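Numbering follows full-length UniProt numbering, in which position 12 of the sequence shown is assigned residue number 12; successive positions increment by one, without gaps. Ideal Cβ placement from N, Cα and C applies to all residues, glycine included. Since the structure is predicted, the reported quantities are computational estimates derived from the model, not experimental observations. Take a look at the structure below.
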Amino acid sequence: MTERTDNLLISQLWSFDRGWEAGMAALAWLLIPLVAAIGAGLWGGWVGRNRRSIEDGTELAGYSRFREAMERSHSGG
1 MTERTDNLLI SQLWSFDRGW EAGMAALAWL LIPLVAAIGA GLWGGWVGRN
51 RRSIEDGTEL AGYSRFREAM ERSHSGG
């Protein structure tokens, strides 16, 4: 009987002579990057979405009021 020395987890996934533990370990190592990639894609989509609740006009108007208030406080005292 010749013993194979496969170190790749993917090769252990389909070899039933090594037991279910090796297959489950290989499956876990394959699923961890897949789940991480899906999570990163969902997070990137959530972060990159268009936020229409805050418009630039509202932000610029608030900045203008702030700037005018700062100019008044410096020129008055």
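Query	Result
Go ahead and pull the three-state DSSP assignment for R65.	helix
Can you say whether A26 is buried or exposed, counting buried as having 16 or more other CB atoms within 10 angstroms of its CB?	buried
What's the C-alpha gap between W29 and V47?	28 Å
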